[in-house]
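According to our numbering, the sequence shown is numbered sequentially starting from 280.
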Amino acid sequence: MIRFSDIPTERFPLNFHKYCQLREGVDDLGTASGRGVSRELMDIHGCLGRAWELIREIERRENAR
280 MIRFSDIPTE RFPLNFHKYC QLREGVDDLG TASGRGVSRE LMDIHGCLGR AWELIREIER
340 RENAR
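Here it is in structure tokens:
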């Protein structure tokens, strides 16, 4: 079975670059309509952070072996 840490970064569904892009997208809408969208995306922001931390924990465990 392949380990998370063996998946090439560019192929991983949520790598650091994609994570940062998604987080920045929540904050940088900059229009009145965009603020409404931004408020809705804040729930996703929390879920995204938890998913990212889970990925990092899995990679730490894999690399500790």
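Backbone N, C-alpha and C fix where the C-beta goes; we use that ideal spot for every residue, glycine too.
Reducing DSSP to helix, strand and coil, say where residue i ends up.
| i | result |
| --- | --- |
| Met321 | helix |
| Phe291 | coil |
| Ile281 | coil |
| Arg314 | helix |
| Arg344 | coil |
Report all residues from its chain with a CB closer than 8 angstroms to the CB of residue i; omit the five preceding and five following residues, and keep chain order.
| i | result |
| --- | --- |
| Ala343 | none |
I'd like the list of long-range same chain contacts for residue i, defined as Cβ closer than 6 angstroms, with 5 residues on each side in sequence excluded.
| i | result |
| --- | --- |
| Trp331 | Tyr298 |
| Arg339 | none |
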